[in-house]
Amino acid sequence: GAVVSQHPSWVICKSGTSVKIECRSLDFQATTMFWYRQFPKQSLMLMATSNEGSKATYEQGVEKDKFLINHASLTLSTLTVTSAHPEDSSFYICSYRTSFGQGSGANVLTFGAGSRLTVL
Amino acid sequence: RKEVEQDPGPFNVPEGATVAFNCTYSNSASQSFFWYRQDCRKEPKLLMSVYSSGNEDGRFTAQLNRASQYISLLIRDSKLSDSATYLCVVNIAYDYKLSFGAGTTVTVRA
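Which chain is which? The protein sequence lines are A and B, in order.
For the first sequence, the positions run 4 to 123 when my numbering is used.
For the second sequence, the positions run 9 to 118 when my numbering is used.
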């Protein structure tokens, strides 16, 4: 099946630094990737939709200047957490759709392995 | 009100037992429904889609009740490897965005 590679898996950084997370599609061309964040014992929350060759679409409450998304090619989307603070510590996961349309079974997502960020 | 709500559990069951749990959703326009499995500190993985007539995949049975706006997951003959958090995921019609529940944790003990 289709595969998406995400790295780094783990990152620990000092407060104030920036961290870049990469998400690569290995066997398909993804015009759209989704970035989620998950805090402990909470649900996945969509942060933004990454569109190849254009600006990302951010969800309400997500600061676009803090979470920079770049989707310059059909196989690579990156999320950069700028000036990270301890409250940004979370599990960040990229994903893409493997089925499209409407109705039962549509809009299935496949996820990258996730990146666990800890900001000291 | 949250779009998707789940009983967080945990459901602690012995091997071989049957365990079932529900998930409620708030938007009646929801059209696609899924159960994902998430192991500790791992990414979610699709367990099964949920179809209107209900569907079964091996030991797993999913049901959809549109009138009451809930879906259910039943696991028969539980295995130790079934221990995980099960995420209920709902897609609203005409919108690619998925809404995730916070998950129901199942622990199967020997």
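For glycine and all other residues, C-beta sits at the position ideal for the given N, C-alpha and C.
Only a predicted model underlies this, so the values are computations on that prediction, with no experimental measurement involved.
- Residues of the segment 70–98 of chain A whose Cβ lies closer than 7 Å to any Cβ of chain B, in chain order: ILE96.
- Of B:THR113, B:GLU23, B:ARG84 and B:LEU106, the smallest CA-CA separation from A:TRP38 is found for B:LEU106.
- In the three-state reduction of the DSSP assignment, B:GLU13 falls in the strand class.
- Not flagged as an interface residue toward chain B: A:GLN63, since no C-beta distance is shorter than 8 Å.
- Taking 9 Å as the Cβ-Cβ cut-off, the segment 42–56 of chain A approaches chain B at LYS44, GLN45, SER46, LEU47, MET48, LEU49 and THR52, given in chain order.
- In this structure, the beta-carbon distance from A:GLY19 to A:SER86 falls below 8 Å.
- Beta bridge pairing from DSSP links A:VAL84 with A:VAL22 and A:PHE70.
- Taking A:ARG40 as the centre and dropping the five residues before and after it, the same chain places the C-beta of MET48, MET50, SER93 and TYR95 closer than 6 Å to its C-beta, in chain order.
- Assignment of A:ASP91 by DSSP, reduced to helix, strand and coil, places it in the helix class.
- At the C-beta level, B:VAL116 and B:GLU23 come within 8 Å of one another.
- Take B:ASN99, set aside five residues on each side of it, and the residues of its chain with a beta-carbon closer than 7 Å to its own are SER38, GLN39, SER40 and LEU106, in chain order.
- Counting of Cβ neighbours within 10 angstroms places A:HIS88 among the exposed residues, the total staying below 16.
- Taking 8 Å as the Cβ-Cβ cut-off, the segment 30–53 of chain B approaches chain A at GLN39, SER40, PHE41, PHE42, ARG49, LYS50, GLU51, PRO52 and LYS53, given in chain order.
- Relative to the Cα of A:THR113, the nearest Cα in the group B:LEU72, B:GLN46 and B:THR93 belongs to B:GLN46.
- Within 9 Å of the CB of A:VAL14, no CB atom of chain B is found; the nearest one sits about 14 Å away.
- The beta-bridge partner set that DSSP reports for B:ASN35 is empty.
- In chain order, PHE41, PHE42, TRP43, ALA70, LEU72 and ILE79 place their CB closer than 7 Å to the CB of B:VAL58, counting only its own chain and leaving out the 5 sequence neighbours on each side.
- Here B:ALA28 is bridged, per DSSP, to B:LEU82.
- Using a Cβ distance threshold of 8 Å, B:SER86 and B:VAL12 do not count as a contacting pair.
- Here the alpha carbons of B:TYR33 and B:SER76 stand approximately 9 Å from one another.
- B:PRO52 and B:ALA110 do not touch by the CB rule: their CB atoms are close to 12 Å apart, not below 8 Å.
- Looking at the backbone, the Cα of A:ALA33 and that of A:THR78 are separated by about 6 Å.
- Contact annotation: in the segment 58–73 of chain B, residues whose CB is within less than 7 Å of a CB in chain A are TYR59 and SER60.
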